[in-house]
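Residues -24 to -1, 1 to 449 in mature numbering (1 follows the signal peptide of the UniProt record, and there is no 0) are what the sequence shown spells out, letter by letter.
Ideal placement from N, C-alpha and C gives every residue a C-beta, glycine not left out.
Single-structure report; data block below.
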Amino acid sequence: MKVFKNSWNVVLLLCAVVFSGALSSCSDDENLSDLTGFLSFGFSDEALKDYEFTIGDNGVITNQIALPYGFDASSLTPVFSSVPMSTVYIGDALQTSGSAAMDFSSEVVYKVVAENGTNQVSYTVVVNVAKDITAWSNLAPDAKFPDYTSLVGFKIGDKYFVMGGKKGASGIGGHTYGIHSSTDGTEFSAVNTNIFKEYGMGLGAAAVKHGNKQLLIGGYTPSDYEVWGETGNGYGINTVWSSEDGETWTKVNEGASNEQKFTARTNASVANLNGDLYLTGGYSVGFGAPQGAMNDVWKSTDGGATWSTLDAQFGEDFEARADSKLIVYKDELYLIGGRTKFPYNYFNEIYKSADGISWTKVDVAAPFAARASFSCFVYNDRMYVLAGLGNKEVTEGETTTSVDVFYNDLWVSEDGGVNWTEMKTGALPEGFAARYGQAIVVDGNTIHIFGGNGQDTEGSAKVYTDAWKGTLN
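See below:
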């Protein structure tokens, strides 16, 4: 429980009480105090222990930080203190601090009456419950990390990290890779811009937490004449890196045999289910670029050191895919969305599995638009899908072409992915440009979004370096 009062008001009231007491020693005992008011107000309920209730100069008592969306305020136990010798009422009913639970789902008006029975002050208690599932703010139009086209995000301790890279203009050299960090998610600085040569990290890695370690898995290195000479060929990666601070990284599976490593790939999906890691899909790599999509599933029971392939059964209509999202919801794996190899076919399908072997296609009644390279996360028993890349067919005359579609929408499901609702209240703000490939970090009820790829007003490719923060209620 936290109780809080405007500090100057408290000081003035207490000083007045002391001064009044000093005077009363020299005056008639029948001269009753005319001082009144609350000194503090809060609630004893465990769910409210981290919320401060402020007594405003206007007589409104409320919590500035809203309680979660849907919070039940119909049975809360108020605790308060008032000026000595004053009494507290709701209507004509005398109130005692901490004595009983009450309904605060609507405003409650208190009055605090001075000892003289004449002077009184009224207070309106408003328990502030979020009216929207999310609330957003733009932390920075430019958060000072490079314009990486491939980006993942994570948090270690009190620092936010983005890791990624960008192909050089020629496509065969001048590529950049790096890790950048920030203490507040607003402005980033370089941690290491030599991660390719130092660790072998490239583009398209998947990020997942395992215990107190952050893992980066797979990826690829583009063709680079500067590194490999005349052939210039890059390659797919099947390395797992681990770090406890985001600065120093070790290769977890360096000692594993080829049979104990997953097939090299980029843009794969990975999740941690009860300590076991599952990896699926992604692109194989050839000639320094992503090639065919994959439909296999791999499992690691030792934090990524060794992997075994699973005999995954998705069903006959399942197509290999990459740029999907693999999440954990109520102790099951959910594989959502993605796309095939070029020419791309995008999905809004959802498959679920308790063991990574037997997969069931979810009968989605109300789907979001098919997409890849989107963000997906779980909070408070809800699934969220955010932004991403899709396509549509456009016909001009006798010619039909497929064009990219960039999304800046936010969808939520409360029933395991069967029904999806596009959020209107609490949706991504108007200034959030449609994009895909953004990095996200979900920490408790807070989500940070960093960067991504989209288009400018002329239809040219644009890479974002902005930072956004949302509060999930």
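- Its chain contains V105 as the residues whose beta carbon lies nearer than 6 Å to that of L43, once the 5 sequence neighbours on both sides are disregarded; these appear in chain order.
- For Y124, no alpha helix (DSSP H) encloses it, and the DSSP letter there is neither H nor E.
- If you draw a straight line from the Cα of A415 to the Cα of T375, it is about 36 Å long.
- Fewer than three Cβ pairs drawn from the stretch 35 to 49 and the stretch 112 to 119 lie within less than 8 Å of each other, which leaves the two stretches out of contact.
- Contact holds between the stretch 6 to 15 and the stretch 82 to 93, because three or more Cβ pairs, one in each stretch, are under 8 Å apart.
- In the same chain as S50, and ignoring 5 residues on each side of it, the C-beta atoms closer than 8 Å to its own belong to D79, F80, S81, in chain order.
- In the DSSP assignment, E369 falls within the beta strand (DSSP E) that extends over 358 to 372.
- 8 Å or more divides the Cβ of S351 from the Cβ of N367.
- By the CB criterion at 8 Å, Q190 and G161 fall outside the cutoff.
- Each of E295, G279, A181, S158 was checked against the Cα of L115, and the nearest Cα belongs to S158.
- Between H186 and G280, the C-beta gap is smaller than 8 Å, which places the two residues in contact.
- As the crow flies, the alpha-carbon of F164 is around 47 Å from that of V85.
- Our two residues, K135 and V246, have alpha carbons roughly 22 Å apart in a direct line.
- For secondary structure counted as the beta strand (DSSP E) over 3 or more consecutive residues, the stretch 86 to 126 holds these complete runs in sequence order: 96 to 102, 110 to 116.
- When secondary structure is reduced to three states using DSSP, E434 falls in the coil class, being assigned neither helix nor strand.
- Minimum Cα-Cα distance from L448 among the listed residues G264, V354, E434 corresponds to V354.
- CA-to-CA, the gap between E434 and V381 works out to about 15 Å.
- In the three-state DSSP reduction, F17 falls in the strand class (E or B).
- Bridge partners of Q190 according to DSSP: K185, S219.
- Annotation: P405 to W112 spans about 7 Å, alpha carbon to alpha carbon.
- The DSSP-derived three-state label of F164 is coil.
- The Cβ neighbour count for L179, taken over all protein chains shown within 10 Å, is at least 16; the residue is labelled buried.
- Annotation for E174: the continuous alpha helix (DSSP H) segment containing it runs 171 to 175.
- Each residue's CA atom was taken as its position, placing D287 and D26 some 47 Å apart.
- Restricting attention to S146, G141, A145, R358, the CA atom closest to the CA of G154 is found in G141.
- For the pair of segments examined, the stretch 254 to 263 was found not to touch the stretch 227 to 234: the number of CB pairs separated by less than 8 Å stays below three.
- Between Y196 and the set T242, S218, D331, the nearest pair of CA atoms involves T242.
- With contacts defined by Cβ atoms closer than 8 Å, Y322 and A298 do not form a contacting pair.
- In the DSSP annotation of this structure, the continuous segment of the beta strand (DSSP E) that includes E308 starts and ends at 308 to 315.
- For E325, the enclosing beta strand (DSSP E) starts and ends at 322 to 329.
- For T224, there is no enclosing beta strand (DSSP E), as DSSP gives it neither H nor E.
- Of the residues Y175, L192, M177, the one whose Cα lies closest to the Cα of A183 is L192.
- Contact annotation: N271 and A244 have beta-carbon atoms that are not nearer than 8 Å.
- By the C-beta density criterion, E235 is exposed, having fewer than 16 other C-beta atoms within 10 angstroms.
- Rounded to whole angstroms, the separation of the alpha carbons of S329 and A342 is 21 Å.
- Here T30 is bridged, per DSSP, to T38.
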